[in-house]
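In the working numbering, the protein residues as written are 84 to 226.
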């Protein structure tokens, strides 16, 4: 029922392993290559102008503008389309800043141009459906 909490929260991981395995999942979790969810799933990437791409748990370095790409999917069971937010935080600050909010449709990937902040920073994504199901990615870090 609606009061059931066991099994209601899940962790999704990104792994580069050619085959799924317990070791691959544990390695991805150790490296922060994951998201938590009660329904929707997200795919977050951060791209630099020199062709480097990073996912949650990874880092990017260099100078110049960045492009975040994000997609979110959800089923009718979890409330359909998910509203997605991109959050930028600076290491040492007490608050994050919302840098983008929208609702990608049908798994559509949205690209968002970002100015590279000074100092140490991170980018993460959150999604919520109409029924309140949510997902939060781990951050992508500046190097």
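We put the CB at the ideal spot given by N, CA and C, even for glycine.
| Query | Result |
| --- | --- |
| When the Cβ atoms of the region 123-138 are set against those of the region 148-166, are three or more pairs found closer than 8 Å? | yes |
| For residue 185, which residues from the same chain have a beta carbon less than 8 Å from its beta carbon, with the 5 sequence-adjacent residues on both sides left out? | 166, 167 and 193 |
| Identify, in the order they occur along the chain, each residue of the same chain with its Cβ nearer than 7 Å to the Cβ of residue 169, setting aside the five sequence neighbours on each side. | 151, 153, 182, 183, 195, 206 and 208 |
| If we count the other Cβ atoms within 10 Å of its Cβ and call it buried at 16 or more, is residue 265 buried or exposed? | In the structure as shown, the chain starts at 84 and stops at 226, and residue 265 therefore has no counterpart that could be examined. |
| Can you give the Cα-Cα distance for residue 106 and residue 161, rounded to whole angstroms? | 30 Å |
| Note down, one range per segment and in chain order, each beta strand (DSSP E) of at least 3 residues found wholly within the region 120-165. | 124-131 and 149-156 |
| Select from 98, 171 and 133 the residue whose C-alpha is nearest the C-alpha of residue 115. | 98 |
| Where residue 200 and residue 122 are concerned, what is the direct C-alpha to C-alpha distance, given to the nearest angstrom? | 31 Å |
| Drop a sphere of 10 angstroms on the beta-carbon of residue 94, count the other beta-carbons inside from all chains shown, and report buried for 16 or more, exposed for fewer. | exposed |
| So, with DSSP's three-state summary, where would you put residue 210? | strand |
| Write down the C-beta distance between residue 117 and residue 140 rounded to the nearest angstrom, noting that I regard them as a contact closer than 8 Å. | 7 Å |
| Check residue 174 in the structure and name its three-state DSSP category. | coil |
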